[in-house]
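Down below is the structure, laid out as structure tokens.
Numbering (my numbering), first residue to last: 21 to 66.
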């Protein structure tokens, strides 16, 4: 979600969460804020 302002990132996260419908998401990102925006509880940092 790089390049998005806070409001756009939050809106994008809301859409992703709605579409997940309880399914698992594998997210690879350079910005931990992306994971926080999606309320991801299990974060593995490499």
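Yeah, the Cβ is synthetic: ideal placement off N, Cα and C, and Gly gets one too.
Query	Result
Is it buried or exposed, residue 54, if we count other Cβ atoms within 10 angstroms and call 16 or more buried?	buried
DSSP three-state label for residue 22, please.	coil
Kindly indicate which three-state DSSP category residue 29 falls into: helix, strand or coil?	helix
I'd like the span of the alpha helix (DSSP H) that includes residue 70, first residue to last.	The shown model of the chain, from 21 to 66, leaves out residue 70, and the question about it has no answer.
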